[in-house]
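Trainee: Quick one: the structure is below, and I'll ask about it shortly.
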Amino acid sequence: MPDAIPFRTSPWRSAGVWMSLLIAAMMVLNTVRAASDPVAFASYFGFPGAADASTAFVLVYASRALFLAVITAILITTRQWRALMWFALAAIVMPVSDALQVALTHGSPAIVARHIAIAVYLGITAFLLHRLVVKSEA
Numbered sequence: 002m003p004d005a006i007p008f009r010t011s012p013w014r015s016a017g018v019w020m021s022l023l024i025a026a027m028m029v030l031n032t033v034r035a036a037s038d039p040v041a042f043a044s045y046f047g048f049p050g051a052a053d054a055s056t057a058f059v060l061v062y063a064s065r066a067l068f069l070a071v072i073t074a075i076l077i078t079t080r081q082w083r084a085l086m087w088f089a090l091a092a093i094v095m096p097v098s099d100a101l102q103v104a105l106t107h108g109s110p111a112i113v114a115r116h117i118a119i120a121v122y123l124g125i126t127a128f129l130l131h132r133l134v135v136k137s138e139a
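This note's numbering puts the sequence shown at residues 2 to 139.
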């Protein structure tokens, strides 16, 4: 099975590809926000009251977010739709674990819900990418 799946029509007609681009753009935005103001981003993420000394994890998050955005861009650029689908599906682990961490530290229910919404978004993206892969193989 080839790495890149040939496609009979434009993959840009797939909502899954656009949703992948949107999440990659959000990851770049989060990278910039986290790197520029780690304390504020810690609060946004669900850990309010974090002191300057304890926000090193935010910079780790920023590098993780940038990595995810770069991998997503590479998979889209090289038309690796199947790999992108699995990547989106596997990425669900991160917002679910983020939601659990926020919930376990008695964070805001709204922030927990936001992390869960991101997981659902990734699941829908993976589903739509799956449809793209199946359609391209027909």
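For each residue, glycine too, the CB sits at the ideal point set by N, CA and C.
It should be emphasised that the depicted structure is a prediction, and the values quoted were computed from it without experimental measurement.
Could you check where the alpha helix (DSSP H) with I112 kicks off and where it finishes?
Mentor: P110 to E138
Trainee: Exposed or buried, which one is R14 when buried takes at least 16 other CB atoms within 10 Å?
Mentor: exposed
Trainee: Please report how far the alpha carbon of A1 lies from the alpha carbon of A139, in whole angstroms.
Mentor: No answer is possible for residue 1: it lies beyond the span of the chain, which begins at 2 and ends at 139.
Trainee: Identify whether G47 lies in helix, strand or coil by the three-state DSSP scheme.
Mentor: coil
Trainee: The alpha helix (DSSP H) that contains T32, what's its start and end?
Mentor: A16 to S37
Trainee: Hey, quick one: how far does the alpha helix (DSSP H) through I93 stretch, first residue to last?
Mentor: Neither: I93 is in no alpha helix (DSSP H) and is coded neither H nor E.
Trainee: Kindly indicate which three-state DSSP category M2 falls into: helix, strand or coil?
Mentor: With a pLDDT of 49 at M2, under the threshold of 50, the predicted position of this residue should be treated as unreliable, though the coordinate-derived value follows. Note: M2 maps to coil in three-state DSSP.
Trainee: Looking at the secondary structure, which residues open and close the alpha helix (DSSP H) in which T73 lies?
Mentor: A57 to T78
Trainee: Helix, strand or coil: how does DSSP classify S11 here?
Mentor: coil
Trainee: Buried or exposed: where does P39 fall if 16 or more other Cβ atoms within 10 Å of its Cβ makes it buried?
Mentor: buried
Trainee: Report yes if the CB atom of L21 is closer than 8 Å to the CB atom of I72, and no otherwise.
Mentor: At residue 21 the sequence reads Ser, which differs from the Leu that was named. Contact flag unset, no.
Trainee: Rank M95, G108 and V29 by C-alpha distance to the C-alpha of G124 and give the top, closest one.
Mentor: M95
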